[in-house]
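In our numbering, the protein residues as written are 13 to 464.
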């Protein structure tokens with residue numbers, strides 16, 4: 013996620029200034045997760061003091077102060093001073109940043125890994141980042157040049173031959189060459205020439221495409237499994253995608269089966285629930301498409317780590333999966349919880365608060381949502397071996413997983429998933445806290461923040 017300022021403008025606005033110079037049921041069903049959490053006293057990690065903040069990623073979060081970006085850790089300590097004109101989330105231990113007038117790669121210690129002779133670099137995805145070489149800026153927009161990819165050491169691994177290069181997702185990326193769209197793999201091998209007007213990243217084995225103004229989906233065999241028929245469509249999330257057909261919001265599964273809804277807007281599923289809108293109020297449905305939290309909020313975001321941000325009378329707070337207001341609505345803006353910490357804004361200044369839900373409660377909710385992937389089998393050096401009957405189906409390369417040790421959430425990154433076993437490395441947390449037998453859950457990295 014690129015950081016946003018307190019006024020919902022991208023932090024990279026300062027960068028751009030530089031660049032100018034350069035049949036659904038409506039019955040209500042209640043979920044049960046033991047005792048409801050009561051409204052909690054706020055557990056501050058850092059009280060509001062920053063101009064802007066980002067999500068926690070790999071144990072660090074971005075902050076902006078005096079128009080410069082730095083990083084703070086989960087103890088609330090500034091570990092990388094705010095000296096960068098622009099910076100992005102840590103990904104596989106590396107982040108892109110602008111130092112002076114140069115693009116650079118930095119590590120989690122703030123050390124400069126490499127200075128890049130590029131016009132632009134995107135954030136890393138699955139260990140690769142798209143770069144533009146010899147592009148130029150006009151009215152703050154990058155034009156021309158060619159695109160390729162670098163690895164986390166800053167070396168070019170896919171030659172800059174393309175007019176466009178998208179992020180890697182599930183081992184593939186969309187590129188454009190000679191005005192034609194292609195899907196390539198990490199070895200730069202062309203997997204398929206695309207005949208559609210647009211093609212998007214693979215998510216859960218499906219890729220959205222647009223043809224003659226309508227959206228459909230292909231699978232990883234590049235077969236058109238859902239013909240283009242939707243006016244709008246989202247990526248698949250927890251097995252279903254959102255779409256608009258005949259001016260109505262519907263959910264579709266990967267077989268193309270549709271579920272009509274009576275709602276004026278529907279959101280993606282996250283942790284087994286999705287926000288929906290009836291008239292002018294937001295509530296939540298479960299995977300059975302039953303309303304489980306009545307529509308009574310002015311706005312609502314997806315659930316993340318057991319809590320969802322909701323707006324009540326112009327202020328943001330957080331509810332649990334019973335609809336209980338766990339953190340009272342008192343903030344001007346908020347981010348979702350990531351790694352058990354969320355950014356919040358009061359009076360134009362951002363700080364961080366801690367998730368009040370217990371590890372037991374979060375584990376129970378993740379299991380209910382079908383996010384359990386296996387257990388820890390062994391710890392071998394700096395690798396954590398997990399085992400489960402459906403690892404090959406549920407875990408992909410670079411997927412984020414999580415385990416709980418007492419009240420500590422530890423994030424893992426899958427580096428070698430196989431059919432029933434996956435080798436993982438620590439992304440955030442202390443490896444010494446991990447023990448054999450601990451349950452391992454899928455940890456979602458991408459959470460929609462805006463209503464699309």
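By construction, the Cβ of each residue, glycine as well, lies at the ideal position given by its N, Cα and C atoms.
Counting only the Cα atoms, residue 252 lies some 5 Å from residue 265. Taking 8 Å as the cut-off, the Cβ atoms of residue 81 and residue 72 do not count as close. Between the alpha carbons of residue 102 and residue 69 lies a gap of roughly 6 Å. Judged by their CB atoms, residue 403 and residue 429 are nearer to each other than the 8 Å cut-off. DSSP places residue 263 in the uninterrupted beta strand (DSSP E) bounded by 260 to 265. Contact between the region 239 to 255 and the region 200 to 217 is established, with three or more Cβ pairs separated by less than 8 Å. Beta-bridge analysis with DSSP links residue 340 to no other residue. DSSP, reduced to helix, strand and coil, places residue 208 outside both helices and strands of the structure shown, so it counts as coil. The beta carbons of residue 147 and residue 157 sit about 3 Å from each other, so the pair counts as a contact at 8 Å. Residue 406 sits in a helix when the DSSP states are folded into three classes. Per DSSP, the unbroken alpha helix (DSSP H) holding residue 373 starts and ends at 371 to 380. As a beta-bridge residue in DSSP terms, residue 288 pairs with 278 and 295. Of the candidates 123, 142 and 281, the residue whose Cα lies closest to the Cα of residue 298 is 281. Taking all protein chains shown into account, residue 269 has fewer than 16 neighbouring C-beta atoms within 10 Å of its C-beta and is therefore exposed. Cβ contact annotation for residue 414 (same chain, cutoff 6 Å, sequence separation greater than five): 421, 423, 453 and 455, in chain order. In the three-state reduction of the DSSP assignment, residue 443 falls in the helix class, which pools H, G and I.
Between the region 427 to 443 and the region 387 to 400, the count of Cβ pairs shorter than 8 Å is three or higher; the stretches touch. With fewer than 16 other Cβ atoms inside 10 Å of its own Cβ, residue 225 counts as exposed.
A distance below 8 Å separates the beta carbons of residue 117 and residue 128. Sequence-distant Cβ neighbours of residue 273 in its own chain, meaning closer than 8 Å and more than five residues away, are 36, 260, 261, 262, 263, 288 and 301. Rounded to the nearest angstrom, the gap between the Cα atoms of residue 126 and residue 99 is 14 Å. Annotation: the continuous beta strand (DSSP E) that includes residue 61 extends over 56 to 62.
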